[in-house]
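Here the structure comes first, spelled out in C-alpha cells, and everything after it is commentary.
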Amino acid sequence: MAQLALHWPGLVPVAIRGNANSRLAKLDAGDRYDALLLAFSGLERIGQAARITHPIDVDTMVPAVGSGTLVLQCREDDTRTRDLAASLGDPRAWRETVAERTMLHILQGNCHSPIAALARTEPDGRLGLRARVISLDGKTVLDVHEWAADPITLGTSVAAALLRQGARDLLDLSAHA
24 MAQLALHWPG LVPVAIRGNA NSRLAKLDAG DRYDALLLAF SGLERIGQAA
74 RITHPIDVDT MVPAVGSGTL VLQCREDDTR TRDLAASLGD PRAWRETVAE
124 RTMLHILQGN CHSPIAALAR TEPDGRLGLR ARVISLDGKT VLDVHEWAAD
174 PITLGTSVAA ALLRQGARDL LDLSAHA
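Oh and the sequence shown: position 120 is 143 in the numbering used here, straight run, nothing missing.
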C-alpha cells in the first residue's frame, strides 16, 4: 500500500480477501472497487491474463522480500527427502533469496513492514539487490541498489545503507500505525 501511495496518491486502497477468481468476481459484481492489483502470474495461471490493463514493472512496484520463492521443508534426519529436495534447488534463486532475507533480518522487518526488495543475478554473476523502505503514506522513500558477489555481504550492505538513510525511524513509525 505504501508503494501505491507513492505512485498513485489519489487511490484509496482497500484490502480484499480471497483468491484471484473471487476477487475478480467482486470487481465484476460492482463492489466498491475501481481496480484490482493482482499478480500477473496468478492471472496467467487462471486463464485471465487478457484482463490485465496496466502492467506495473518491478522498478515501479518493487516486490515484497521473497516474492516468488518456493521453499520445501523436511525433517532434518530424513536424508532421502533432503537429497531429493536438494536436486530441486536453484542456486541462483537461493543466492537471491538469501540476499533479500539477510537485508530483511537486519532491518528486523516482517510481513507487515513497508520493505520491498528484489535481488537479481547479473550476466557477469554479480548479484544486485534493489531495496526500499517507504513511509505508509508514500511520501518518504528510502531506495538503495547495490551489487556484490556474496549474498550475505550484499544483504548486509543494503540494510546498512537503508539504516544510514533513516530506515529505523520509518519502520518504527509504521509499526505503531
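All residues carry an ideal CB built from backbone N, CA and C; glycine is no exception.
Check	Outcome
Could you tell me the boundaries of the beta strand (DSSP E) in which residue 170 lies?	164 to 171
Evaluate contact between the segment 52 to 65 and the segment 180 to 200, counting only Cβ atoms and requiring at least three cross-stretch pairs below 8 angstroms.	no
Given residue 28, which residues of its chain have a CB within under 6 angstroms of its CB, disregarding the five upstream and five downstream residues?	160, 161
Alpha carbon to alpha carbon, how far is residue 154 from residue 135? Give it in angstroms, no decimals.	16 angstroms
Rounded to whole angstroms, what's the CA-CA distance from residue 15 to residue 69? Just pull it up for me.	The question about residue 15 has no answer, for the chain in this structure spans 24 to 200.
Is the distance from the Cβ of residue 111 to the Cβ of residue 127 below 9 angstroms?	no
Unbroken alpha helix (DSSP H) runs of length 4 or more, entirely within the segment 127 to 191: which are they?	174 to 188
Would you say residue 163 and residue 130 are within 9 angstroms of each other, going by their C-beta atoms?	no
Any heavy atom of the ligand ATP closer than 8 angstroms to the Cβ of residue 114?	Summarising the ligand content, the structure contains no ligands, and the ligand ATP is consequently not present.
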